[in-house]
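Below is one structure; the comments refer to it alone.
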Amino acid sequence: MDLEIYGTLGPSCCEEETIVQLFKKGMTGMRINLSHVNLQQAANWIEAFHKAAKRCSIKPDLLMDMQGPELRIGKVEKECRLNEIIDMNELDIPEVVLKELKKDQMVLIDDGKIHIQMIDSIKGKVVQEGKITSRKSIALPGVSIQLPSLTDTDIKNISMAKNFGVTGLMQPFVRNEHDLIYVKNKLKEYHTDIKIYAKIENEQGVGQIESLIKHCDQIIIARGDLANSVGLIQLPSVQRKIEEICKKNNMPYMIVTEMLYSMIKNASPTRAEVNDIYYAVYNGAKSIMLTAETAMGQYPVQAMEYFVEVAKIAWNDKKRKTL
1 MDLEIYGTLG
11 PSCCEEETIV
21 QLFKKGMTGM
31 RINLSHVNLQ
41 QAANWIEAFH
51 KAAKRCSIKP
61 DLLMDMQGPE
71 LRIGKVEKEC
81 RLNEIIDMNE
91 LDIPEVVLKE
101 LKKDQMVLID
111 DGKIHIQMID
121 SIKGKVVQEG
131 KITSRKSIAL
141 PGVSIQLPSL
151 TDTDIKNISM
161 AKNFGVTGLM
171 QPFVRNEHDL
181 IYVKNKLKEY
191 HTDIKIYAKI
201 ENEQGVGQIE
211 SLIKHCDQII
221 IARGDLANSV
231 GLIQLPSVQR
241 KIEEICKKNN
251 MPYMIVTEML
261 YSMIKNASPT
271 RAEVNDIYYA
281 VYNGAKSIML
291 TAETAMGQYP
301 VQAMEYFVEV
311 AKIAWNDKKR
321 KTL
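The sequence shown runs 1 to 323 under full-length UniProt numbering.
Written out as structure tokens, the structure reads:
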């Protein structure tokens, strides 16, 4: 089966034995999220990954997901209750975000799980509640904040990538071809010949897909922040648009975000989730990926088993053209 199936390294699957089980279920590679750790800090996890691969006699991909021009809150733990009034300074928000806050501006935290509507430039009202934890994403719909393509930490990780056996770089929030050209040049500077995966997570990126294709190896439809940018209701339409452009240009693409989200806490998926996996593959995705389901979930191996088995059925149906 010529399909790439990824999990994400994290506390729930950092042991060699667990990673072996994930490979045995059919996983072909893993992602490591460098918004939370750097390669050096994750050395033990990466070593376990490579040992597990050797035991299974395979050569899987290891993708490093950069910080890039992404906005995240700092170290904070807070339960946000519906209608609660919050002083935004308490959330350890980047200064560039604080400067943009004004009355009626919506603030989305943790891939849009928590919504805060600003009352003025400092205080906001919780309109969709949830628990805020450290280093979660923050977005301001309708606001464009200019940030560098790579952080200093990203560049340091690029310099170490070869030593850690990294095979691919996931570049977040790609806005235009200049982001990817900059990444390419940094990889060349450090003599690191790995694949580039362009994550489409904002309206700017959606509008530039055709110009991005010649500068990367694969497009990633990263539905978490993409939904924050285009609106949750528009997400399926935007996903389809990206898929069609990729297929027209023979560009492989990946679908990611919440494909088995319920399995973070439950031993089996929802009907909607298995349909999502099936049609992602049947409609033409080259790659699919689990994130928190394997990184932090209670059932990482079971999630991967469902993921692979549904994907196999879709792949075989696509080959047979039975639908």
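Virtual Cβ for every residue (Gly too), placed ideally from N, Cα, C. Please read these numbers as outputs of a predicted model, since none were measured by experiment.
Between the beta-carbon of K195 and that of Q218 there is about 7 Å, and that keeps the pair under the 8 Å contact cut. Taking a C-beta distance under 9 Å as the contact criterion, T257 and G224 qualify as a contact pair. Of the candidates K136, Q171, G68 and P60, G68 places its Cα closest to the Cα of P148. A direct Cα-to-Cα measurement between S134 and K321 gives close to 46 Å. Your pair E129 and I114 checks out as a contact, with CB atoms roughly 7 Å apart and the cut at 8 Å. Take the alpha-carbon of L180 and the one of E16: they are about 34 Å apart. Residue environment analysis places Y6 among the buried positions, since at least 16 neighbouring C-beta atoms fall within 10 angstroms of its C-beta. No residue range can be given for E84, since it is assigned to no alpha helix (DSSP H) and is classified by DSSP as neither H nor E. Across the structure, E4 and T28 are spaced so that their CA atoms are roughly 6 Å apart.
The distance from the Cβ of I132 to that of I73 is about 7 Å, consistent with a contact at the 8 Å cut-off.
Distance from the CA atom of E90 to the CA atom of Y282, rounded to whole angstroms, is 45 Å.
In this structure, M259 keeps its C-beta atom at 9 Å or more from the C-beta atom of N157. In terms of CA proximity to L9, E293 leads the group E293, A311, A272 and E309.
Each residue's CA atom was taken as its position, placing F173 and K199 some 6 Å apart. Taking a contact to require three or more Cβ pairs closer than 8 Å, the segment 40 to 48 and the segment 74 to 85 do not qualify as touching. Sorting R271, V96, D92 and V126 by C-alpha distance to the C-alpha of D104 places V126 at the top. In this structure, the alpha-carbon of V143 lies about 14 Å from that of P94. Counting only runs of at least 3 residues, the segment 46 to 73 fully encloses the following beta strand (DSSP E) elements, listed from N- to C-terminal order: 61 to 65. Under the 10 Å beta carbon count, A267 is surrounded by fewer than 16 other beta carbons and is classified as exposed.
The residue among G297, K188 and L71 with its C-alpha nearest the C-alpha of I155 is K188. Apart from sequence neighbours up to five positions away, the residues of its chain that approach M160 with a beta-carbon distance below 6 Å are L39, ordered along the chain. At least 9 Å separates the beta-carbon of K265 from that of G26. In its chain, beyond the 5 residues on either side, M118, D120 and S121 have a beta carbon closer than 8 Å to the beta carbon of K102. DSSP, reduced to helix, strand and coil, places R320 within a helical segment of the structure shown. For A285 against Y253, the beta-carbon gap comes to about 6 Å, under 8 Å, which counts as contact.
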